[in-house]
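Student: Below you'll find the structure I mean.
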Ligand code: AGP
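In this note's numbering, the protein residues as written are 2 to 609.
Here's what the structure looks like:
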């Protein structure tokens with residue numbers, strides 16, 4: 002996802018722009034650029050392909066004390082990663098940065114014949130469109146922006162400055178987040194609040210369809226229909242420490258190891274272990290509405306989808322007579338699926354900005370179905386558009402590979418399921434074990450992380466050489482197998498795929514040979530013996546098996562065993578997932594790859 006920063010105030014704009022872009026680089030990008038304006042309008046305009054360090058090299062010879070500017074990290078959508086396609090884009094006196102996709106940019110480009118386009122981007126067309134209203138002085142900048150945006154179809158988060166008036170920045174959003182930081186005699190702009198941390202704790206989250214004109218000491222917001230909007234100043238929750246690495250070499254390891262604490266934040270004030278109950282205020286559903294729920298639709302992408310699938314297994318076990326469908330957002334959004342009445346949709350998203358998930362949310366709301374967000378990013382688009390929600394409160398998840406968010410998303414949804422079961426009068430004897438295990442989970446996670454890390458680091462050298470891996474599980478370990486395979490493939494680039502144990506004989510067994518290693522998730526329980534017989538099928542074909550189990554008596558002759566020492570039974574699969582997270586991390590570091598920013602991926606996929 003691209004990143005936007007902007008500054009206007011009494012300090013050096015270049016300093017904030019570069020530091021702000023560095024805060025956002027975790028989201029993935031392939032080029033970057035900034036422009037700052039002197040009081041007389043002289044522009045210092047720098048762009049570079051690749052990492053921000055390339056931009057900094059150019060900056061060394063172009064240091065200015067300008068106090069207004071905008072910057073951007075680009076993740077290419079239209080036009081290859083290059084300097085000429087990097088933002089800001091300049092048209093005459095205007096400079097523009099943009100997140101999102103202008104879907105009708107080709108039609109608009111045809112109306113802008115007197116412009117000579119230098120890039121292949123939709124953004125440059127938007128800049129020219131704004132200029133077409135601005136250049137003759139017919140409109141002040143903010144009005145020119147409004148006139149142009151009225152013609153645009155698609156999504157945008159933009160910031161615009163002009164050499165003619167270097168004392169204002171105009172910003173606008175539709176579908177791509179923009180936050181305005183309120184400082185002392187300075188105003189900061191960012192597409193993600195983490196860029197503002199350490200500069201201000203006061204922020205205004207722009208809403209879709211709003212345009213703001215900001216100066217060093219004012220923020221004036223209106224809609225595209227020129228209706229004034231009163232700015233709601235909110236507190237930025239994130240603290241600086243939270244977005245630094247905290248002494249770890251990579252964000253990913255930090256986020257894996259902080260799961261005891263992050264899960265505790267998810268549980269805070271929501272679990273009453275004495276009573277054996279949970280309480281979620283956010284969904285905003287009455288007891289009667291909860292009691293009437295007959296069907297859940299759980300929507301997400303990637304890890305969020307896996308979290309939803311795992312949660313659905315649990316909820317079905319303790320909540321009778323409700324049906325649950327867990328769907329991949331990018332598939333579901335085009336299905337025009339009928340959702341029965343007495344349904345509730347859980348919209349799962351760490352970033353709260355995933356385009357396909359957001360599109361599903363909007364489609365589902367059209368059917369009048371209650372939508373509940375299971376989101377991490379406070380104030381994100383999904384969090385603002387759902388009818389109710391439960392923030393997972395895991396703090397910023399910086400590494401592209403999602404880890405702590407997954408664990409908390411699962412438990413947050415299980416707690417939502419428990420609130421339904423409680424409302425439906427499900428016996429406490431059925432629910433109490435879930436509540437008790439949830440309450441113990443943070444300390445059990447701590448125990449497991451400390452006991453298995455060393456062993457996993459050791460075996461990582463063995464398995465880093467493989468090109469293929471198979472992850473196997475049954476029941477609640479099947480979504481865990483899926484999540485584990487995703488973790489490995491997305492950062493180590495090993496071709497890892499997950500299968501339900503029972504599916505082996507229907508095809509995947511044919512794959513087993515020395516090119517593959519197998520991860521077998523074997524939690525104690527009613528299906529344990531069946532899973533063991535599946536493992537034996539793989540063993541009979543000389544599979545290279547890593548067994549992950551909480552059965553201390555496990556004694557099959559497999560290549561490696563990771564024993565999880567825990568009293569938990571229900572949520573043992575979540576503890577086994579920690580093994581997958583650590584294995585993916587250590588294999589990737591052993592391969593020398595970029596752990597936090599894997600190739601081709603972004604932290605938040607805000608484009609389709
Ligand atoms: C997970 O490790 C991936 N980075 C990716 O699958 C991610 O879970 C997916 O893009 C959904 O993101 P979201 O939770 O922010 O919506």
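Quick reminder that beta carbons are idealized off the backbone N, C-alpha and C, glycines included.
Within the present structure, is the beta-carbon of residue 302 separated from the nearest heavy atom of ligand 1 by less than 6 Å?
Tutor: Numbered from 1 along the chain shown, position 301 holds the residue referred to as residue 302. Checking the Cβ of residue 302 against ligand 1 gives yes.
Student: Among the candidates 268, 197, 13 and 105, whose CA atom is the shortest distance from the CA of residue 23?
Tutor: For this step, residue 23 is matched to residue 22 along the chain shown. Nearest of 268, 197, 13 and 105 to residue 23, Cα basis: 197.
Student: Can you list, in chain order, the residues of its chain whose CB lies under 7 Å from that of residue 449, leaving out five sequence neighbours each side?
Tutor: As a working mapping, residue 449 is identified with position 448 in the chain shown. Cβ neighbours of residue 449 beyond the five flanking positions: 565, 567, 576 and 579.
Student: Please give me, in chain order, every unbroken run of the alpha helix (DSSP H) with length at least 4 that falls completely inside the segment 499-561.
Tutor: Taking only runs of at least 4 residues, the alpha helix (DSSP H) segments lying wholly in the segment 499-561 are 529-540.
Student: Which residue or residues does DSSP assign as beta-bridge partners of residue 82?
Tutor: Numbered from its first residue, the chain shown carries residue 82 at position 81. DSSP lists no partner for residue 82.
Student: With residue 389 and residue 370 assumed to form a contact (beta carbons below 8 Å), what rounded beta-carbon distance in angstroms separates them?
Tutor: Residue mapping note: residue 389 aligns to position 388 of the chain shown, counting from 1. Residue mapping note: residue 370 aligns to position 369 of the chain shown, counting from 1. Rounded, the Cβ-Cβ distance is 12 Å, inconsistent with contact.
Student: Determine whether the beta carbon atoms of residue 157 and residue 99 lie at a separation below 7 Å.
Tutor: The residue you call residue 157 lines up with position 156 of the chain shown. The residue you call residue 99 lines up with position 98 of the chain shown. Result yes, Cβ atoms of residue 157 and residue 99 sit closer than 7 Å.
Student: Span of the alpha helix (DSSP H) holding residue 219?
Tutor: Position 218 of the chain shown, counted from the start, is the residue given in the question as residue 219. First-last for residue 219: 219-224, but that is the beta strand (DSSP E), not the alpha helix (DSSP H).
Student: What separation, rounded to the nearest whole angstrom, lies between the Cα atoms of residue 214 and residue 64?
Tutor: The residue labelled residue 214 in the question sits at position 213 within the chain shown. The residue labelled residue 64 in the question sits at position 63 within the chain shown. In a straight line, the C-alpha of residue 214 is about 27 Å away from that of residue 64.
Student: Counting only runs that start and end within the segment 134-189, where is the alpha helix (DSSP H) found for 4 or more residues in a row?
Tutor: Correct list: 142-150.
Student: How far does the beta strand (DSSP E) with residue 206 in it extend, from its first residue to its last?
Tutor: Taking the first residue of the chain shown as position 1, residue 206 is located at position 205. Where residue 206 is concerned, the enclosing beta strand (DSSP E) stretches over 203-206.
Student: To which residues of the same chain is residue 291 closer than 7 Å at the C-beta, ignoring the five residues directly before and after it?
Tutor: Counting from 1 along the chain shown, the entry for residue 291 is found at position 290. Taken in chain order, the residues that qualify are 420, 421 and 424.
Student: Is residue 103 closer than 7 Å to residue 155 when the C-beta atoms are compared?
Tutor: Taking the first residue of the chain shown as position 1, residue 155 is located at position 154. Taking the first residue of the chain shown as position 1, residue 103 is located at position 102. Yes, the Cβ-Cβ distance between residue 155 and residue 103 is below 7 Å.
Student: Check whether the segment 294-314 and the segment 431-443 are in contact - that is, three or more C-beta pairs closer than 8 Å.
Tutor: No, because fewer than three Cβ pairs between the segment 294-314 and the segment 431-443 fall closer than 8 Å, the two stretches do not touch.
Student: Where does residue 65 fall in DSSP's three states?
Tutor: Taking the first residue of the chain shown as position 1, residue 65 is located at position 64. Correct three-state label for residue 65: coil.
Student: Applying the criterion that 16 or more other CB atoms from any shown protein chain within 10 Å of the CB defines a buried residue, is residue 4 buried or exposed?
Tutor: Taking the first residue of the chain shown as position 1, residue 4 is located at position 3. Its Cβ being crowded by 16 or more others within 10 Å, residue 4 is buried.
Student: Going by DSSP in three states, residue 96 sits in which element: helix, strand or coil?
Tutor: In the chain shown, counting from the first residue as 1, residue 96 sits at position 95. The answer is strand: DSSP assigns residue 96 an E or B state.
Student: Fully enclosed by the segment 246-293, which beta strand (DSSP E) runs are 3 residues long or longer?
Tutor: none
Student: Does the distance from the CB of residue 412 to the CB of residue 267 come in under 7 Å?
Tutor: As a first step, residue 412 must be located in the chain shown, where it is residue number 411. As a first step, residue 267 must be located in the chain shown, where it is residue number 266. Yes, Cβ-Cβ distance for residue 412 and residue 267 is below 7 Å.
Student: From the DSSP output, read off the bridge partner residues of residue 214.
Tutor: Within the chain shown, numbered from 1, the residue matching residue 214 stands at position 213. DSSP, once it has assigned bridges, lists 171 and 221 as partnering residue 214.
Student: Measuring only the C-alpha atoms, how far is residue 246 from residue 239?
Tutor: By one-based count along the chain shown, residue 246 stands at place 245. By one-based count along the chain shown, residue 239 stands at place 238. For residue 246 and residue 239, the distance between alpha carbons rounds to 14 Å.
Student: Is it true that the CB of residue 298 sits closer than 7 Å to the CB of residue 257?
Tutor: Taking the first residue of the chain shown as 1, we reach residue 257 at position 256. Taking the first residue of the chain shown as 1, we reach residue 298 at position 297. No, Cβ-Cβ distance for residue 257 and residue 298 is not below 7 Å.
Student: Following a CB-centred definition, is residue 20 positioned closer than 6 Å to any heavy atom of ligand 1?
Tutor: By 1-based counting over the chain shown, the position of residue 20 is 19. No, since every heavy atom of ligand 1 falls outside the 6 Å radius drawn around the Cβ of residue 20.
Student: What does DSSP give as the partner residues of residue 46 in its beta bridges?
Tutor: Locating residue 46 in the chain shown gives position 45, counting from the first residue. DSSP lists 36 as partners of residue 46.
Student: Kindly indicate which three-state DSSP category residue 455 falls into: helix, strand or coil?
Tutor: For the purposes of this step, residue 455 is taken as residue 454 along the chain shown, with counting starting at 1. Note: residue 455 maps to helix in three-state DSSP.
Student: Compute the Euclidean distance between the alpha carbons of residue 288 and residue 281, then round it to the nearest angstrom.
Tutor: Translated into the one-based positions of the chain shown, residue 288 becomes position 287. Translated into the one-based positions of the chain shown, residue 281 becomes position 280. The alpha-carbon atoms of residue 288 and residue 281 are separated by roughly 12 Å.
Student: How would you call residue 313, buried or exposed, if buried means at least 16 neighbouring beta carbons within 10 angstroms?
Tutor: Along the chain shown, read from residue 1 onward, the residue named residue 313 stands at position 312. Residue 313 is buried by the Cβ-count criterion.
Student: Within 10 angstroms of the Cβ of residue 150, are there 16 or more other Cβ atoms? Answer buried if so, exposed if not.
Tutor: Residue numbering aside, residue 150 sits at position 149 when the chain shown is read from its first letter. By the neighbour-count rule (16 or more Cβ atoms within 10 Å), residue 150 is buried.
Student: If you reduce the DSSP assignment to three classes, tell me which class residue 1 lands in.
Tutor: Because residue 1 is not part of the residues shown, which for the chain are 2 to 609, the question remains open.
Student: Return helix, strand or coil for residue 408, following the three-state DSSP convention.
Tutor: Counting from 1 along the chain shown, the entry for residue 408 is found at position 407. The answer is helix: DSSP assigns residue 408 an H, G or I state.
Student: Give every residue of the same chain whose Cβ lies closer than 8 Å to the Cβ of residue 468, excluding the five residues on either side of it in the sequence, and list them in chain order.
Tutor: In the chain shown, counting from the first residue as 1, residue 468 sits at position 467. Around residue 468: 495, 496 and 516.
Student: Under 6 Å from any heavy atom of ligand 1, does the C-beta of residue 305 make it?
Tutor: On the chain shown, residue 305 is found 304 positions in, with the first residue counted as 1. Checking the Cβ of residue 305 against ligand 1 gives yes.
Student: Helix, strand or coil, according to DSSP, for residue 353 in the structure here?
Tutor: Taking the first residue of the chain shown as 1, we reach residue 353 at position 352. Residue 353: coil per DSSP, three-state reduction.
Student: Who are the Cβ neighbours of residue 163 in its own chain at under 6 Å, not counting the five residues just before and after it?
Tutor: As a working mapping, residue 163 is identified with position 162 in the chain shown. Result list for residue 163: 94, 95 and 142, in chain order.
Student: What residues are listed by DSSP as bridge partners for residue 91?
Tutor: Start at 1 with the first residue of the chain shown, and residue 91 comes out as number 90. Residue 91 is bridged to 96.
Student: Exposed or buried, which one is residue 139 when buried takes at least 16 other CB atoms within 10 Å?
Tutor: Numbered from 1 along the chain shown, position 138 holds the residue referred to as residue 139. Classification for residue 139: exposed.
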